[in-house]
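> I have a structure I would like to understand better, so I am pasting it below and will then ask my questions one at a time.
Number of protein chains: 2
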Amino acid sequence: MKFVKLANDEGSSRSARSPETHGRLITATIDVVFEHGYAGATMAVIAERAGVTRGAIQHCFGDTRVDLITAVCADILERRQRQYLSAMTEFSQADFSIARAGIKAAYRDPATWFLVEVWIASKSDAILKERVDAYLTSEHYLADESLERMLGTTEPGAIGFREYKYFMRALTRGLALEYSRRPDPELFDRVVDLVIDALSFYLDRVKNGNLDRSE
Amino acid sequence: MKFVKLANDEGSSRSARSPETHGRLITATIDVVFEHGYAGATMAVIAERAGVTRGAIQHCFGDTRVDLITAVCADILERRQRQYLSAMTEFSQADFSIARAGIKAAYRDPATWFLVEVWIASKSDAILKERVDAYLTSEHYLADESLERMLGTTEPGAIGFREYKYFMRALTRGLALEYSRRPDPELFDRVVDLVIDALSFYLDRVKNGNLDRSE
DNA sequence: TCCCTTACATACATTCGTGTATGTATGTTA
DNA sequence: TAACATACATACACGAATGTATGTAAGGGA
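So, in structure tokens, the structure goes:
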């Protein structure tokens, strides 16, 4: 039987195509989950988005769907660890402007919502849960640690710091959810600005004991 | 063939049981979606949770799964409209303490997360989307209107009010997500308190032009 | 008391997605 | 240049969930 030539079959040589296919499958997976949800991210849909067939997925990431999802989670975590390390060397003195930029970057990143979708799905899929739980937990810790560094000036041991971290997580994920429905970065960036303004102002006053006339 | 007697077959008379079954199926659906996600909320699982068979669902809510989900959405919306109306008559003068209570109640309500799950699922299911979109939009408007009434003192027309509403939505949904993973009301209530404290304090100062020494 | 409607329970077919196996073409190396 | 490994494409079987149809029991009105 004859094999139809696909779009990615032009230009690059065959042997050099594997890493590219690998990368395209990962971004395709994230994008499809971002747009259609985990349940809508079928192997066939992902393969079509990447411009390959299901066989390519099998070859690159293993036989099962969970293998693919797990690989994508690992890739995201690895990327974020690198980002975190480079950010840490770049900013020696942490303050609110870094947290501001961090949240803005995080809620827009389809990978953020991808991880949420995977986590939700893992609630009803024991096999998936077993495979990805370590990655999700690591990302959780990474985000926490990152926040502690970004907000270092507000004293991690201080009262309310744990609530603070949970708030940042909830806000980021809530914005990621809204963003997946309605990608309006300008609006959501203004939301982040408003909230960070209020929080930094409030925390600054709390530290200095200037809370008179508050509601 | 012989029919096995089920648990709900004792006590109440047969004709009086329908409204009860109806209600139990609705709460079962919400709970199962809350715990297992939309994909994990199978007809069989929902029926088992409610203590009936799939036939009961068919009889009460129609032939398809979308019929059931739609009915639950309608029920939630109706209930929230009633809550909204009673809350509006109860509090003539709105302030931040009402918003505080409203968010605390909303993020804990499994129905909040149910609606988010349904909305996510509707992204990859055209038929579901067509049926529930009106309800989701109505709930959106209801929440917006409710917020405007609760925060009436901060002048809806003022700058940043739209950002304010989106923030409340993102926070509520983000907390609902965290809550579905880890039901720790005390922790999340403290998060709400922290944020509302900061926001009310900040907005109060903005109104009075007292923003010196802010970060 | 007979019939009819309500309120379910049960059974089966169809579909859709995955898991698995196998086929094909190209670069590479001996 | 022949064998082999890589990098995919294709085909099919199986299972789970849904959609659909039919069966059964109990209460109420004529």
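Line by line, the protein sequences give chains A and B.
Here the first sequence is numbered in our numbering, starting from 100 and rising by one per residue.
Here the second sequence is numbered in our numbering, starting from 100 and rising by one per residue.
All residues carry an ideal CB built from backbone N, CA and C; glycine is no exception.
Comparing alpha-carbon positions, which option in A:D224, A:R178 and A:Y240 lies nearest A:A210?
Counted from its first residue, the first sequence places residue 210 of chain A at position 111. A:R178 is the residue among A:D224, A:R178 and A:Y240 whose C-alpha sits nearest the C-alpha of A:A210.
> Could one say the Cβ of A:Y240 lies closer than 8 Å to chain B's Cβ atoms, at least one of them?
Against the first sequence, residue 240 of chain A aligns to sequence position 141. In terms of beta-carbon proximity, A:Y240 stays away from the interface with chain B, with every pair separated by 8 Å or more.
> Chain A partners of B:S223, CB-CB under 7 Å?
The residue given as residue 223 of chain B occupies position 124 in the second sequence. Residues of chain A passing the Cβ test: H135, G136, A138 and G139.
> Does any CB atom of chain B fall closer than 8 Å to the CB of A:L246?
Numbered from its first residue, the first sequence carries residue 246 of chain A at position 147. Proximity of A:L246 to chain B, defined by a Cβ-Cβ separation below 8 Å, is not satisfied.
> Here's the rule: buried if 16 or more other CB atoms are within 10 angstroms of the residue's CB, otherwise exposed. What is B:Y240?
Within the second sequence, the letter at position 141 stands for residue 240 of chain B. Answer is exposed; the Cβ neighbour count stays below 16.
> Got a sec? Which residues, its chain only, sit under 6 Å from B:A297 by beta carbon, not counting five neighbours each side?
Locating residue 297 of chain B in the second sequence gives position 198, counting from the first residue. Result list for B:A297: empty, nothing under 6 Å.
> Look up A:G161 in the DSSP assignment and say whether it is helix, strand or coil.
As a working note, residue 161 of chain A is residue 62 in the first sequence. Of the three classes helix, strand and coil, the one that applies to A:G161 here is coil, per DSSP.
> What does a CB cutoff of less than 6 Å around B:A140 pick up in its chain, not counting 5 residues either side in sequence?
Against the second sequence, residue 140 of chain B aligns to sequence position 41. V131 and V132, listed in sequence order.
> Could you check how far apart the C-beta atoms of A:E262 and B:V215 are, in whole angstroms? I think they sit under 8 Å.
Taking the first sequence and counting its residues from 1, the one referred to as residue 262 of chain A is at position 163. Taking the second sequence and counting its residues from 1, the one referred to as residue 215 of chain B is at position 116. 22 Å between Cβ atoms; not a contact.
> Below 8 Å on the Cβ atoms is my contact criterion, and I expect A:G273 with B:G136 to pass it. Report the Cβ-Cβ distance as a whole number of Å.
Here the question's residue 273 of chain A lines up with position 174 in the first sequence. Here the question's residue 136 of chain B lines up with position 37 in the second sequence. Wrong, their Cβ atoms sit about 18 Å apart, outside the cutoff.
> Which residues in chain A sit within 8 Å of B:A297, going by Cβ to Cβ distance?
Counting from one through the second sequence, the residue named residue 297 of chain B turns up at place 198. Within 8 Å Cβ-Cβ: A297, L298, F300, Y301 and L302.
> Would you decide whether B:R280 is buried or exposed? Buried here means 16 or more other CB atoms lie within 10 Å of its CB.
Counted from its first residue, the second sequence places residue 280 of chain B at position 181. So B:R280 ends up on the exposed side.
> Can you find a CB in chain A that lies within less than 8 Å of the CB of B:Y265?
Mapped onto the second sequence, residue 265 of chain B falls at position 166. At least one chain A Cβ lies under 8 Å of B:Y265.
> Assuming B:I202 and B:V165 are in contact, meaning their beta carbons sit under 8 Å apart, how far apart are those beta carbons, in whole angstroms?
Here residue 202 of chain B corresponds to residue number 103 of the second sequence, with the count starting at 1. Here residue 165 of chain B corresponds to residue number 66 of the second sequence, with the count starting at 1. Actually they are not in contact, since the Cβ atoms of B:I202 and B:V165 sit about 30 Å apart, beyond 8 Å.
> If we define contact as Cβ-Cβ less than 8 Å, is A:E147 a contact residue for chain B?
By one-based count along the first sequence, residue 147 of chain A stands at place 48. Taking CB atoms only, A:E147 has no neighbour in chain B less than 8 Å away.
> Verify whether the separation of the beta carbon atoms of A:Y301 and B:F300 is less than 8 Å.
Your numbering for residue 301 of chain A matches position 202 in the first sequence. Your numbering for residue 300 of chain B matches position 201 in the second sequence. Their beta carbons are under 8 Å apart, which means A:Y301 touches B:F300 by this criterion.
> What do you reckon, are the CB atoms on A:V294 and B:F266 nearer than 8 Å?
For the purposes of this step, residue 294 of chain A is taken as the residue at position 195 of the first sequence. For the purposes of this step, residue 266 of chain B is taken as the residue at position 167 of the second sequence. Yes; because the gap between Cβ atoms is below 8 Å, this pair is in contact.
> Relative to the alpha-carbon of A:I168, which residue among A:D224, A:P282, A:T152 and A:A204 has its alpha-carbon at the smallest distance?
For the purposes of this step, residue 168 of chain A is taken as the residue at position 69 of the first sequence. Nearest C-alpha to A:I168: A:D224.
> When the distance is taken between beta carbons, is B:F160 closer than 8 Å to B:A173?
Position 74 of the second sequence holds residue 173 of chain B. Position 61 of the second sequence holds residue 160 of chain B. No.
> Roughly how many angstroms lie between the CA atoms of A:A143 and B:A220, to the nearest whole one?
For the purposes of this step, residue 143 of chain A is taken as residue 44 along the first sequence, with counting starting at 1. For the purposes of this step, residue 220 of chain B is taken as residue 121 along the second sequence, with counting starting at 1. Each residue's alpha carbon lies about 18 Å from the other.
> Would you kindly check if the distance between the Cβ of B:G150 and the Cβ of B:R123 is under 8 Å?
Translated into positions along the second sequence, residue 123 of chain B becomes position 24. Translated into positions along the second sequence, residue 150 of chain B becomes position 51. For B:R123 and B:G150, yes; Cβs fall inside 8 Å.
> Starting from the beta carbon of B:E229, find every residue of chain A whose beta carbon is closer than 8 Å, and list them in chain order.
To locate residue 229 of chain B, count along the second sequence from 1; it is residue 130. Here the premise fails: no neighbours, minimum Cβ distance about 16 Å.
> Using a Cβ cut-off of 8 Å, pull out every chain B residue sitting near A:V215, in sequence order please.
Locating residue 215 of chain A in the first sequence gives position 116, counting from the first residue. Residues of chain B passing the Cβ test: L276.
> Pull up the distance between the alpha-carbon of B:A242 and that of B:M187, whole angstroms please.
One-based indexing of the second sequence puts residue 242 of chain B at position 143. One-based indexing of the second sequence puts residue 187 of chain B at position 88. CA-CA distance, B:A242 to B:M187, rounds to 13 Å.
> Apply the 10 Å Cβ neighbour rule to A:A198 and answer buried if 16 or more other Cβ atoms are within range, or exposed otherwise.
Reading the first sequence from its first residue, position 99 is the one you call residue 198 of chain A. The residue is buried, with at least 16 neighbouring Cβ atoms inside 10 Å.
> Alpha carbons only, please: which of B:F260, B:Q180 and B:P118 is nearest the one belonging to B:Y234?
Taking the first residue of the second sequence as position 1, residue 234 of chain B is located at position 135. A check of alpha carbon separations from B:Y234 across B:F260, B:Q180 and B:P118 identifies B:Q180 as the nearest.
> Going by the CB atoms, is the gap between A:R268 and B:E277 shorter than 8 Å?
Within the second sequence, the letter at position 178 stands for residue 277 of chain B. Within the first sequence, the letter at position 169 stands for residue 268 of chain A. Closer than 8 Å, so yes.
> Can you confirm whether A:I219, when its beta carbon is compared against all beta carbons of chain B, has any partner nearer than 8 Å?
Within the first sequence, residue 219 of chain A is the residue found at index 120, counting from 1. Chain B places a beta carbon closer than 8 Å to that of A:I219, counting this residue as a contact.
> Name the chain A residues whose beta carbon is nearer than 8 Å to that of B:A127?
Along the second sequence, read from residue 1 onward, the residue named residue 127 of chain B stands at position 28. Chain A residues near B:A127: none, gap ~15 Å exceeds 8 Å.
> Specify the secondary structure class of A:V103 as computed by DSSP and reduced to three states.
In the first sequence, counting from the first residue as 1, residue 103 of chain A sits at position 4. The predicted position of A:V103 is uncertain, since its pLDDT is 34 and thus under 50; a value taken from the coordinates is nonetheless stated next. Coil.
> The alpha helix (DSSP H) with A:S223 in it runs from where to where?
As a position in the first sequence, residue 223 of chain A is number 124, starting the count at 1. Unbroken run through A:S223: none, as it is neither H nor E.
> Could you work out which residues of chain A lie near B:R272, taking near to mean beta carbons separated by less than 9 Å?
By one-based count along the second sequence, residue 272 of chain B stands at place 173. Ordered by position in chain A, the residues that pass the 9 Å Cβ test against B:R272 are A269, R272, G273, L276 and E277.
> Less than 8 Å between the beta carbons of B:A205 and B:T271, yes or no?
Looking up residue 205 of chain B in the second sequence gives position 106. Looking up residue 271 of chain B in the second sequence gives position 172. Contact flag set, yes.
> Looking at chain A, is there any beta carbon in it that lies within less than 8 Å of the beta carbon of B:E321?
Only positions 100 to 314 of chain B appear in the structure, and residue 321 of chain B is not among them; the question remains open.
> Distance, Cα to Cα, B:P282 vs B:D162?
For the purposes of this step, residue 282 of chain B is taken as the residue at position 183 of the second sequence. For the purposes of this step, residue 162 of chain B is taken as the residue at position 63 of the second sequence. For B:P282 and B:D162, the distance between alpha carbons rounds to 34 Å.
> Can you tell me which of the three DSSP states A:T141 falls into?
Your numbering for residue 141 of chain A matches position 42 in the first sequence. Annotated three-state conformation of A:T141 is coil, per DSSP.
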